[in-house]
Amino acid sequence: MIRSEILKEIAPILRDQLVICNIGLPSQELHMIDDQPTNFYMLGTMGLASSIGLGVALAQDKTVIAIDGDGSVLTNFGTLPTIANNVADNFILMIIDNGSYGSTGDQPTYAGKKTSLAAVATACGCENVVEVQDKDCGPALEAAIASKQMTIMVVKCDSGNIKVPVITKDPVVIRDRFMNAVAS
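This is the structure we're talking about:
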């Protein structure tokens with residue numbers, strides 16, 4: 001499976017959650033697959049979906065799922081020890097690890113070589129870390145939500161992109177509707 005196929009499979013699960021989605025193609029794919037006011041699409045700032053997701057989770061009680069990529073997590077390695085040391089049991093970080101920087105042309109990442117993001121998260125002190133294959137993502141995500149424990153999920157999948165339109169919603173509209181969803 002590629003990232004867009006995973007997002008399509010888990011979209012019904014995400015519908016009842018607050019979602020912070022990684023920049024570029026992941027946000028565009030999720031927007032095209034199932035746009036929801038509870039989705040916050042990152043239009044810039046590579047590497048910060050996980051940090052923003054943690055901040056939202058620490059500020060309220062609803063389940064927050066940050067969808068990040070291996071490339072983005074690698075550009076902001078400080079996010080993993082920050083998450084480990086600021087536990088929010090309503091937070092799930094789902095790292096879709098396709099071994100590439102998908103939004104910039106599928107250049108290989110170190111996660112596609114020797115670096116295990118699950119091992120790195122564990123070494124940083126994250127206590128509930130699971131690595132799953134793409135086909136097992138849906139059940140693993142449902143289990144993480146049901147556990148009511150902060151969870152780091154590394155979802156291994158194939159590299160590849162589909163053609164998607166850019167998100168034409170004004171960033172202020174995306175922000176405002178997400179803030180309304182958080183407050184409701």
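Take 1 as the starting number for the sequence shown in full-length UniProt numbering and just add one per residue. For every residue, glycine included, the Cβ atom is placed at its ideal position computed from N, Cα and C.
Sorted by chain position, which residues of the same chain lie with C-beta nearer than 7 Å to residue i's C-beta, five sequence neighbours on each side aside?
i: Q36; result: R15
i: I10; result: C137, G138 and L141
i: R3; result: P26, E29, I96, N98, G102 and C157
If you run the structure through DSSP and keep just helix, strand and coil, what is residue i?
i: M150; result: coil
i: K8; result: helix
i: G112; result: helix
i: E127; result: coil
i: D68; result: strand
i: I167; result: coil
i: V73; result: helix
i: V155; result: strand
Roughly how many whole angstroms lie between the Cα atoms of residue i and residue j?
i: P171; j: R177; result: 10 Å
i: E29; j: P139; result: 21 Å
i: residue 185; j: K113; result: Since the first residue shown for the chain is 1 and the last is 184, residue 185 is missing from the structure and cannot be characterised.
i: G54; j: A119; result: Going by the sequence as given, residue 54 is Leu instead of Gly. Their backbone Cα atoms lie some 20 Å apart in a straight line.
i: G160; j: N98; result: 8 Å
i: I13; j: I152; result: 17 Å
i: V64; j: S116; result: 24 Å
i: S27; j: C21; result: 5 Å
i: D106; j: I162; result: 12 Å
i: R175; j: F40; result: 7 Å
i: C124; j: E131; result: 16 Å
i: I145; j: A181; result: 18 Å
i: N85; j: C126; result: 8 Å
i: S100; j: I167; result: 22 Å
i: Q60; j: D70; result: 26 Å
Between which two residues does the beta strand (DSSP E) carrying residue i extend?
i: I162; result: Counting along the chain, I162 falls outside any beta strand (DSSP E), and DSSP gives it neither H nor E.
i: A49; result: Taken as a continuous stretch (DSSP letters only), A49 belongs to no beta strand (DSSP E), being part of the alpha helix (DSSP H) at A49 to A59.
i: L43; result: Per DSSP, L43 belongs to no beta strand (DSSP E) and is neither H nor E.
i: I83; result: Careful: I83 lies outside any beta strand (DSSP E), inside the alpha helix (DSSP H) at T79 to A84.
i: D97; result: F91 to D97
What span of residues does the alpha helix (DSSP H) with residue i cover, start to end?
i: F178; result: P171 to A183
In its own chain, which residues sit with a C-beta less than 8 Å from the C-beta of residue i, not counting the 5 before and 5 after it?
i: S147; result: N128
i: I6; result: I96, D134, C137, V155 and C157
i: I23; result: M42, L43, G44, T45, M46, A49, S72 and S103
Please work out which residues of its chain come closer than 6 Å, Cβ to Cβ, to residue i, disregarding the five sequence neighbours upstream and downstream, and give them in chain order.
i: I76; result: The sequence given here has Asn at residue 76, not Ile. Cβ neighbours of N76 beyond the five flanking positions: G47.
i: A57; result: V64, A88, N90 and F91
Secondary structure, alpha helix (DSSP H): runs of 4+ residues fully inside the region 7-38:
25-34
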